[in-house]
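End of the sequence shown = 231 in the working numbering, gap-free, step of one. We put the beta carbon where it would ideally sit given N, CA and C, even for glycine.
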Amino acid sequence: MTPKTEEITRYDFKSSDELLLDANIWLLVYGPQDPNDPRVGIYSKALKKILAAKSCIYIDVLIVSEFINAYARIKKRVLSPPSTTFKQFRKSSDFEPVAQDIAADVKCVLKHCMRVESGFELLAIDALLDEYAAGNSDFNDQVFISLCSSKGLTLVTDDGDFKGCGIPVITANKRLLT
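And the structure:
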């Protein structure tokens, strides 16, 4: 039986749920996103329901890393001229308050989560690299699928790349739900 993909606005979170929230969810809730993006409200409400249900939220260092890097790149696009490279922006005085905001927001994310290891030493790394080399998938996404599969976690994501990935998914992304 193929694991279900559930619509997040209809999902009844329970205390027994064990969830891995993708970096894109954390960015929509805590990152520098357009408040008019409807996904911000959808996933913010979902997080409130998750917390109220006392569902268990897990986080891996790859998710933290993706959150930090994506957040910094979004701020770079907003705060610096297009001719400025990311490294130049990171070394500029404009970056210090951005780094402080990112660190504060990561701390907010972490207070909701239990840390989990991706099990790098146990990954079928050759198979993951072969899949990546074929151009069919994002390497980190493959690691998250493996992590969810091995730990029995449900992935909460807005990333359409997880369609038919073989693990339970909760989302508002219509491409994943069709």
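The alpha helix (DSSP H) enclosing GLU184, as first and last residue numbers: By one-based count along the sequence shown, residue 184 stands at place 131. Counting along the chain, the alpha helix (DSSP H) containing GLU184 begins and ends at 178-186.
Against chain D, with Cβ distances strictly below 7 angstroms, would ASP191 count as a contact? In summary, chain D is missing from the structure at hand, where a single protein chain is found.
Looking at the structure shown, is ARG63 part of a helix, part of a strand, or coil, going by DSSP? The residue you call residue 63 lines up with position 10 of the sequence shown. DSSP places ARG63 in coil when its eight states are reduced to three.
Along the chain, where does the alpha helix (DSSP H) containing LEU200 start, and where does it finish? By one-based count along the sequence shown, residue 200 stands at place 147. Here the alpha helix (DSSP H) through LEU200 covers 192-204.
Taking ILE220 as part of the beta strand (DSSP E), name the residues at either end of that continuous run. By one-based count along the sequence shown, residue 220 stands at place 167. Where ILE220 is concerned, there is no enclosing beta strand (DSSP E), given that its DSSP letter is neither H nor E.
List the residues that DSSP assigns as beta-bridge partners of VAL209. Numbered from its first residue, the sequence shown carries residue 209 at position 156. VAL209 pairs with LEU74 and ILE223.
For ASP147 and SER97, the rounded distance between their alpha carbons: For the purposes of this step, residue 97 is taken as the residue at position 44 of the sequence shown. For the purposes of this step, residue 147 is taken as the residue at position 94 of the sequence shown. Going from the Cα of SER97 to the Cα of ASP147 covers about 28 angstroms.
Per-residue DSSP class, three states only, for CYS161: Sequence index remark: in the sequence shown, residue 161 carries index 108 (1-based). It is helical.
Can the beta-carbon of LEU72 be found less than 7 angstroms from the beta-carbon of SER108? Locating residue 72 in the sequence shown gives position 19, counting from the first residue. Locating residue 108 in the sequence shown gives position 55, counting from the first residue. Going by C-beta atoms, LEU72 is nearer than 7 angstroms to SER108.
Straight-line CA distance for LEU206 to PHE197? As a position in the sequence shown, residue 206 is number 153, starting the count at 1. As a position in the sequence shown, residue 197 is number 144, starting the count at 1. If I take the Cα positions, the gap works out to 10 angstroms.
Taking GLU149 as the reference, which of TRP79, LEU132, PHE192 and THR231 has the closest Cα? Within the sequence shown, numbered from 1, the residue matching residue 149 stands at position 96. The option with the nearest alpha carbon to GLU149 is LEU132.
Taking the continuous beta strand (DSSP E) assigned at CYS166, which residues delimit it? Taking the sequence shown and counting its residues from 1, one reaches residue 166 at position 113. CYS166 -> no beta strand (DSSP E), and no H or E assigned at all.
Under 7 angstroms, do ARG228 and GLY213 count as touching if we go by C-beta distance? In the sequence shown, residue 228 corresponds to position 175, counting from 1. In the sequence shown, residue 213 corresponds to position 160, counting from 1. In this structure, GLY213 lies closer than 7 angstroms to ARG228 by Cβ.
With which residues is ILE271 paired in a DSSP beta bridge? The structure shown has nothing for residue 271, since the chain only spans 54 to 231.
Below 7 angstroms between beta carbons: does that hold for LYS128 and VAL159? Numbered from 1 along the sequence shown, position 75 holds the residue referred to as residue 128. Numbered from 1 along the sequence shown, position 106 holds the residue referred to as residue 159. No, Cβ-Cβ distance for LYS128 and VAL159 is not below 7 angstroms.
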